[in-house]
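Here the sequence shown stands for residues 3 to 152, numbered as in the numbering used here.
For each residue, glycine too, the CB sits at the ideal point set by N, CA and C.
All values derive from a computational prediction rather than experimental measurement.
One structure is given here, and the rest of the page talks about it.
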Amino acid sequence: MPTATFSELLRSPKEVAAAAERGEVTITRRDGEDLVLTTAATVQANRAGLEFAAEIVASAVAEWPGSFAHRLRQPFPWMTFLSDAEQDVMAKEIVDIARACAGVGRFEPLAIKLSAWRATAEAYAAGVPRDNADLTWLDGNGDVVERPEA
């Protein structure tokens, strides 16, 4: 993790803030504990990921009947719109990602993965067919459109 002194933060706030946009920056101080500077979005994503991780742990140790994937429907009721096979895949994926996130101390990827699964469930709930039968896939050889001018 990059570091900067508190004096550097005061002298060059734009540079230190730019570094914080790329990742956490430890701000060292002579007269107190070090601080960590990061973006609000990173903090919010980490909090969301930790909340999801707590729900996953609660589901794993719960005494509710059924498989782990089935128990995950308690904190994530939208999973009902996923097929049983998709629920099993989701359960495995989020456990793997939660472990990886814990290993690096960043939980944004867990929040992103759960958001992606939720978006899939929302699409099914809105009537998008599971077999993609009514979707038209583009081959990527279409016309090139000029970028509009501002």
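Secondary structure at residue i, three-state DSSP: helix, strand or coil?
| i | result |
| --- | --- |
| A128 | coil |
| V147 | coil |
| F83 | helix |
| R108 | coil |
| Y141 | The sequence given here places Asp at residue 141; Tyr does not occur at that position. D141: coil per DSSP, three-state reduction. |
| D90 | helix |
| D133 | coil |
| A121 | helix |
| A100 | helix |
| A113 | helix |
Cβ atoms of residue j and residue i: under 9 Å apart, would you say?
| i | j | result |
| --- | --- | --- |
| V2 | M3 | The first residue shown for the chain is 3 and the last is 152, placing residue 2 beyond what the model contains. |
| S85 | R32 | no |
| R73 | A62 | yes |
| A71 | D98 | no |
| E95 | A47 | no |
| M81 | W139 | no |
Which runs of the beta strand (DSSP E), 3 residues or longer, sit entirely within the region 3 to 79?
Runs of the beta strand (DSSP E) lying entirely within the region 3 to 79, each at least 3 residues long, are 5 to 7, 27 to 30 and 37 to 39 in chain order.
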